[in-house]
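A quick write-up on the structure given underneath.
Residue numbers (my numbering): 38 to 243.
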């Protein structure tokens, strides 16, 4: 059971157990009419830490990150490690009102930002790390596990785009922009292949 459902480095639930718990949360919250939240957490510049200090230091940091996350949420919530420097937090029973649920999720997310940004004492060294956090709410059965994870992932990348060490909520507009960008890239590849571009020169004089 331990090998199947838990991450050996941090002893947190792994991806498989996280998916099971998230699926259960989606069903129960839709039935109860209450809201929960999924937080996707990625450590900023973790690869640089591994490259400069070694993977053994990175592993110790990941263990401390997992411990801080667990200590910062309620017993009914789930903290999981997906792999690498990616963590997920499932917040359950945030209330029936979506604005209240969003406020609670933001408050907890801001707490996690603060806790994870504090110095880490690894052996004799003081190491610093910051997270980028993406948040999406759930509660009305309008999205499945994969879609919810995708939303939280998009929100996390938005947090990185605006400077890292911050929190962003999923916005459907974000999804629309991603799809529009993907469609534009596909159109440009097709146009290059079919010779649809023309090059024009314009002389410039001073």
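Glycine included, each C-beta is placed from N, C-alpha and C at the ideal position.
Burial state of residue i (16 or more Cβ within 10 Å)
i	result
residue 45	exposed
residue 236	exposed
residue 195	buried
residue 225	exposed
residue 134	exposed
residue 136	exposed
residue 85	exposed
residue 234	exposed
residue 231	exposed
residue 209	exposed
residue 81	buried
residue 176	buried
residue 76	buried
residue 223	exposed
residue 39	exposed
residue 192	buried
residue 95	buried
residue 146	buried
Limits of the beta strand (DSSP E) - the one that residue i falls within
i	result
residue 163	162-164
residue 169	168-175
residue 124	123-128
residue 118	115-120
Top-ranked residue by Cα proximity to residue i, from the options
i	options	result
residue 89	144, 54, 38, 162	162
residue 130	68, 47, 92	68
residue 213	42, 188, 114, 106	188
residue 123	240, 171, 206, 41	171
residue 207	232, 216, 103, 185	185
residue 106	232, 42, 168	168
residue 309	51, 97, 76	The question about residue 309 has no answer, for the chain in this structure spans 38 to 243.
residue 78	234, 215, 205	205
residue 71	102, 139, 243	139
residue 101	75, 91, 51, 159	159
residue 121	128, 216, 115, 92	92
residue 58	47, 155, 115, 239	115
residue 166	150, 173, 55, 41	150
Cβ distance (whole Å) where residue i is taken to contact residue j below 8 Å
i	j	result
residue 110	residue 126	6 Å
residue 50	residue 108	Actually they are not in contact, since the Cβ atoms of residue 50 and residue 108 sit about 16 Å apart, beyond 8 Å.
residue 103	residue 164	Going by Cβ atoms, the distance from residue 103 to residue 164 rounds to 15 Å, so no, they are not a contact pair.
Continuous alpha helix (DSSP H) stretch holding residue i: start and end
i	result
residue 83	83-90
residue 194	182-198
residue 74	First-last for residue 74: 73-80, but that is the beta strand (DSSP E), not the alpha helix (DSSP H).
residue 66	52-69
Contacting residues, own chain, Cβ-Cβ under 6 Å from residue i (five flanking each side not counted)
i	result
residue 178	67
residue 198	none
residue 141	131
residue 1	Outside the displayed range of the chain (38 to 243) lies residue 1, so it cannot be described from this structure.
Own chain residues within Cβ distance below 7 Å of residue i, not counting five before or after
i	result
residue 62	73, 127, 129
Interface flag, residue i vs chain D, CB-CB below 8 Å
i	result
residue 197	Among the chains of the structure shown, chain D does not appear; only one protein chain is present.
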